[in-house]
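Everything on this sheet refers to the single structure shown next.
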Amino acid sequence: MSEQAAKPCGKRVYFESYGCASNRFDLEVMLALLLEAGFVVTDDAEAADILLINTCAVKTPTESRMLERIRKLSLLGKPLIIAGCLPKINLPAVRKVTKGRAVMLDPYSVHRILEAVEHAETHKGERIIFSEKPTVKLAQPKIRTNKIVEIVQIAEGCTGACAYCCVRFARGKLFSYPKSLILERIKRAVSEGVREVWITSQDSGAYGMDIGTNLAELLREIVEIDG
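Numbering follows this note's numbering, with no gaps: position 3 of the sequence shown is 22.
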């Protein structure tokens with residue numbers, strides 16, 4: 020993504036994002052909040068004032084690649100924010116690589132990105148921003164990194180405790196978003212001309228089990244949307 024105009028602030032944010040569609044949704048929320056605050060997005064890490072890496076850690080090889088990328092970004096000596104699943108899945112490994120000079124932001128805390136940026140800019144030390152409870156991210160502003168694709172997160176977390184899965188440590192228990200907000204977001208996106216709508220979560224099949232509905236009911240109403 021090339022530099023984008025925003026409100027007067029002018030500070031440049033460089034980002035990298037990895038992993039699933041839910042992670043991409045989180046990125047789009049963080050970028051929207053940053054742009055609203057007057058930051059601009061740049062493709063040049065060396066020219067940036069803030070570095071943001073939105074990580075994935077679904078498998079050990081992926082985790083290793085993330086840690087190496089974090090190490091290389093750390094060498095630039097700029098304020099660094101590490102978001103995504105990795106900080107919750109393997110915080111000690113992240114801290115070892117950053118040597119106490121980064122801000123960690125968990126998936127529950129993407130709405131606190133400006134707080135993370137402020138700390139990264141004004142303090143050289145580490146800060147860990149983890150929230151105890153999920154929020155309805157659909158209530159947050161969001162941009163589209165792909166102009167024709169609307170990513171809509173319908174839930175956070177899952178119902179399982181699979182021994183082989185580390186994502187549950189990052190995303191927690193199932194927290195389904197209200198159907199009305201999901202439908203509202205999709206209707207608005209369609210009216211704005213998107214060609215594809217991606218609904219995403221960690222376990223979409225479990226959607227609604229905690230709020231008295233289900234995925235089939237949601238899909239039935241989605242396909243009735245004109246457009």
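C-beta: ideal position from N, C-alpha, C; glycine also.
Treat the numbers as computed from the prediction; the structure is a model and nothing was measured.
| Check | Outcome |
| --- | --- |
| Counted within 10 angstroms of its Cβ, other Cβ atoms place ILE167 as buried (16 or more) or exposed | exposed |
| Cβ pair TYR37, ALA64 closer than 8 Å | no |
| Residue environment, ARG90, which counts as buried when at least 16 other CB atoms sit within 10 Å | exposed |
| Beta bridge counterpart(s) of ILE205 as assigned by DSSP | DSSP lists no partner for ILE205. |
| Reduced DSSP category for LEU92 - H, G, I as helix; E, B as strand; rest coil | helix |
| Given GLU211 as reference, the closest of LEU54, ILE162, PRO80 and LEU70 once Cα atoms are compared | ILE162 |
| Cβ pair count under 8 Å reaching 3, the segment 53-63 against the segment 165-181 | no |
| Assigned secondary structure, LYS161 (DSSP; H/G/I helix, E/B strand, else coil) | coil |
| Local conformation of SER199 per DSSP, three classes | helix |
| Exposure label - THR117; buried when at least 16 CB within 10 Å | buried |
| Where THR81 falls: helix, strand or coil (DSSP) | helix |
| For ILE241, the three-state DSSP class (helix, strand or coil) | helix |
| Distance, LEU202 Cα to SER226 Cα | The displayed chain sequence assigns Tyr, not Ser, to residue 226. Straight-line Cα distance between these residues: approximately 14 Å. |
| Contained alpha helix (DSSP H) runs [length at least 4] in the segment 91-137, N- to C-terminal order | 105-108 and 110-117 |
| Cβ contact check for the segment 144-151 and the segment 118-135: 3 or more pairs under 8 Å | yes |
| Nearest-angstrom Cα separation, counted from LYS115 out to VAL213 | 42 Å |
| Neighbourhood of ALA51 by C-beta distance below 8 Å, restricted to the same chain and skipping five residues each side | GLN159, PRO160, LYS161 and ILE162 |
| Length of the line joining the Cα atoms of ASN233 and GLY191 | 19 Å |
| Limits of the unbroken beta strand (DSSP E) element including ASN73 | 69-74 |
| Buried or exposed by the 16-neighbour rule on C-beta atoms within 10 Å, applied to VAL129 | buried |
| Straight-line Cα distance separating MET228 from GLU35 | 33 Å |
| Exposure of ILE244, with buried meaning 16 or more beta-carbon neighbours within 10 Å | exposed |
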